[in-house]
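Here is the structure we will look at, set down as structure tokens.
There are 2 protein chains.
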Amino acid sequence: MGTAERRERERELVRTAIIEAARDILSENGLDGLSMRAIADRIEYSPATIYLYFKDKDELVHEVVMEAFERMNEYIRREVVAAGETADAAEQYGAMGRAYARFALENTAYFRVMFELPPVPHMECPEPEETGGLETVVATVQRAVAAGLIESKDARRTAIIGWGLVHGLTSLYLTGRLTDVVATNEEFMSLIEEAMLLQSTGYRVGARA
Amino acid sequence: MGTAERRERERELVRTAIIEAARDILSENGLDGLSMRAIADRIEYSPATIYLYFKDKDELVHEVVMEAFERMNEYIRREVVAAGETADAAEQYGAMGRAYARFALENTAYFRVMFELPPVPHMECPEPEETGGLETVVATVQRAVAAGLIESKDARRTAIIGWGLVHGLTSLYLTGRLTDVVATNEEFMSLIEEAMLLQSTGYRVGARA
DNA sequence: CTGGGTTCTGAACAGTGTTTAGTTTGTGGG
DNA sequence: CCCACAAACTAAACACTGTTCAGAACCCAG
Numbered sequence: 003m004g005t006a007e008r009r010e011r012e013r014e015l016v017r018t019a020i021i022e023a024a025r026d027i028l029s030e031n032g033l034d035g036l037s038m039r040a041i042a043d044r045i046e047y048s049p050a051t052i053y054l055y056f057k058d059k060d061e062l063v064h065e066v067v068m069e070a071f072e073r074m075n076e077y078i079r080r081e082v083v084a085a086g087e088t089a090d091a092a093e094q095y096g097a098m099g100r101a102y103a104r105f106a107l108e109n110t111a112y113f114r115v116m117f118e119l120p121p122v123p124h125m126e127c128p129e130p131e132e133t134g135g136l137e138t139v140v141a142t143v144q145r146a147v148a149a150g151l152i153e154s155k156d157a158r159r160t161a162i163i164g165w166g167l168v169h170g171l172t173s174l175y176l177t178g179r180l181t182d183v184v185a186t187n188e189e190f191m192s193l194i195e196e197a198m199l200l201q202s203t204g205y206r207v208g209a210r211a
Numbered sequence: 003m004g005t006a007e008r009r010e011r012e013r014e015l016v017r018t019a020i021i022e023a024a025r026d027i028l029s030e031n032g033l034d035g036l037s038m039r040a041i042a043d044r045i046e047y048s049p050a051t052i053y054l055y056f057k058d059k060d061e062l063v064h065e066v067v068m069e070a071f072e073r074m075n076e077y078i079r080r081e082v083v084a085a086g087e088t089a090d091a092a093e094q095y096g097a098m099g100r101a102y103a104r105f106a107l108e109n110t111a112y113f114r115v116m117f118e119l120p121p122v123p124h125m126e127c128p129e130p131e132e133t134g135g136l137e138t139v140v141a142t143v144q145r146a147v148a149a150g151l152i153e154s155k156d157a158r159r160t161a162i163i164g165w166g167l168v169h170g171l172t173s174l175y176l177t178g179r180l181t182d183v184v185a186t187n188e189e190f191m192s193l194i195e196e197a198m199l200l201q202s203t204g205y206r207v208g209a210r211a
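Heads up: the protein sequence lines correspond to chains A and B, in order.
Position in the first sequence (from 1) plus 2 gives the number in the working numbering.
Position in the second sequence (from 1) plus 2 gives the number in the working numbering.
Below, the structure is given as structure tokens:
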């Protein structure tokens, strides 16, 4: 009798319903609007029920964040294949950076929660999704290095510096620190483009493409 | 009779006491530990009293953040004059970036609050302190450009890109995203150094110093 | 010393995350 | 069929949060 399996399936259904509700509330009302009672209301359960599926609010949010990272990775992957099947590795690297920034612009609430949260004290996951995207970047950098487009002794360090570059500019822009320099999203994207171009070619005289 | 002035002074005294208490709690217990009641306890007043000096918790925190920006600016200023009276503009620029990162390492709670907060919807201040530091950076970049050490069509854009670079790397490091690449603070500082060096010289073949 | 204005507080309200005791529900075995 | 047991669910409470408001305490001028 497969009732146990059905129970298991139903359980998983409720679990994902909770996560979806949390994700939707997060997108619509921001992190402040994301309360256990709001989630409970949306899925028409009691708040206490959530604690039968997640030990904490932190655990629930962590799950949502993990999902967000997956989405972002897929977003970037899709973006880079869309606009660069024939592009060289350096161009693909640039496309990744632009996609990262654009994802942040399109999912600001997501993006904030992904990085504004505690320094992840309890991490068991062997970084399958979280840094999975980074590995792709590293590989791209390696191809660019092999093609002589970028010089780097350590492709991973180079990828991380690039990550820091676009992540930092994006954070500053989203928190309103750049308002008196870059006003619109278009201006911001062009700033990102310039910054990424810089990493490849530098500011040295005559080095610019 | 100067009782009005004395009253005013006493009032200002309580006000700064509140801010100091908030700052201390923030440093010791982080943003989560910063509650109105905790502040009231520390200054031995009732929670309601705080609302006679600040309309909001947001307004109070905003004040603390403004102070934090001033402190950071002064920290950087001191750092750059300390280790670079004879240094050229490019070296001073690098010192600024390192100081920024070191300040973040030494005041993690501060740093988080400074940038994790809402996109500052109510900003009347004509950026005297907040971007006051940025102007110094811009001036340094301009001197470096004039000396032929850095190429840049727009010194402000260049400064902002540098800001984004070190800010992003710092944020990622503080939120634990770089743990499997850079383990210690020393490694992190060397990453910052490499990244800033990159902005001046680029990854182009033969462009490295 | 009395009136008025400032300063302060106790108590409450609405909201939060979380726990627990207790109820409902559904299924498997006698 | 029905009972019992386990799983799912919830109402209510607890301790906390930011915030407000009526009233007490205080201080100083007239």
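Note that beta-carbon positions come from the ideal geometry of N, C-alpha and C, so glycine has one too.
Applying a beta-carbon distance threshold of less than 7 angstroms, which residues of chain B neighbour residue i?
| i | result |
| --- | --- |
| E118 of chain A | E118 |
Can you name the residues of chain A whose CB is closer than 9 angstroms to the CB of residue i?
| i | result |
| --- | --- |
| S173 of chain B | F117, G166, H169, G170 and S173 |
| T51 of chain B | Near T51 of chain B there are no residues of chain A at all, since even the closest Cβ is about 26 angstroms away, more than 9 angstroms. |
Using 8 angstroms as the limit for Cβ to Cβ distance, is residue i near chain A?
| i | result |
| --- | --- |
| L54 of chain B | no |
| Q94 of chain B | no |
| Q201 of chain B | yes |
| H124 of chain B | Interpretation of H124 of chain B is limited by its pLDDT of 49, a score under 50 that renders its predicted location unreliable; no figure is taken from the coordinates. |
| L107 of chain B | no |
| N28 of chain B | Looking at the sequence itself, residue 28 of chain B is Leu, so the reference to Asn does not match. Closer than 8 angstroms: no. |
| G4 of chain B | no |
Got a sec: is the Cβ-Cβ distance from residue i to anything in chain B below 8 angstroms?
| i | result |
| --- | --- |
| P130 of chain A | Only weak support exists for where P130 of chain A lies, its pLDDT of 49 falling under 50; the coordinates are left without a value. |
| V183 of chain A | yes |
| L180 of chain A | yes |
| L193 of chain A | yes |
| R8 of chain A | no |
Using 8 angstroms for Cβ pairs, my map puts residue i next to residue j. What's the rounded Cβ distance?
| i | j | result |
| --- | --- | --- |
| R44 of chain B | A23 of chain B | 4 angstroms |
| G32 of chain B | A111 of chain B | 5 angstroms |
| A97 of chain A | V82 of chain A | 5 angstroms |
| F117 of chain A | T177 of chain B | 6 angstroms |
| M191 of chain B | V168 of chain B | Contact doesn't hold; Cβ gap of about 11 angstroms is too wide. |
| L151 of chain A | G170 of chain B | Not quite, the Cβ-Cβ distance comes to about 23 angstroms (not below 8 angstroms), so this is no contact. |
| R159 of chain B | E196 of chain A | 7 angstroms |
| I52 of chain B | M38 of chain B | 6 angstroms |
| S48 of chain A | A42 of chain A | 6 angstroms |
| I78 of chain B | G35 of chain B | Rounded, the Cβ-Cβ distance is 27 angstroms, inconsistent with contact. |
| T67 of chain A | V115 of chain A | In the sequence as presented, Thr is not what sits at residue 67 of chain A; that position holds Val. The pair is a contact, with the Cβ atoms about 6 angstroms apart (cut-off 8 angstroms). |
| Q201 of chain A | L200 of chain B | 7 angstroms |
Determine the chain B residues that contact residue i at a beta-carbon separation under 8 angstroms, and present them in chain order.
| i | result |
| --- | --- |
| E196 of chain A | R159 and I163 |
Give the interface partners of residue i over in chain A, defined as CB-CB distance under 7 angstroms, in chain order.
| i | result |
| --- | --- |
| L33 of chain B | The contacting residues do not exist; L33 of chain B stays about 10 angstroms from chain A at best. |
Applying a beta-carbon distance threshold of less than 9 angstroms, which residues of chain B neighbour residue i?
| i | result |
| --- | --- |
| L15 of chain A | In chain order: nothing, as chain B lies at least about 32 angstroms away. |
Touch test, the segment 84-99 of chain A against the segment 144-155 of chain A, Cβ-Cβ under 8 angstroms, three pairs minimum: Touching, yes, given that three or more Cβ pairs across the two stretches are closer than 8 angstroms.
Any 3 or more C-beta pairs closer than 8 angstroms across the segment 160-168 of chain B and the segment 178-185 of chain B: No, they do not touch.
Touch test, the segment 91-110 of chain A against the segment 57-67 of chain A, Cβ-Cβ under 8 angstroms, three pairs minimum: No contact exists between the segment 91-110 of chain A and the segment 57-67 of chain A.
Three-pair Cβ contact test at 8 angstroms for the segment 46-59 of chain A versus the segment 7-27 of chain A: With a cut-off of 8 angstroms on Cβ pairs, the segment 46-59 of chain A is in contact with the segment 7-27 of chain A, counting three or more such pairs.
Alpha helix (DSSP H) runs wholly inside the segment 135-177 of chain B, at least 4 long, in chain order: Taking only runs of at least 4 residues, the alpha helix (DSSP H) segments lying wholly in the segment 135-177 of chain B are 157-176.
Any alpha helix (DSSP H) of 4 or more consecutive residues that is wholly inside the segment 13-83 of chain A: Listed in chain order, they are 38-45 and 49-52.
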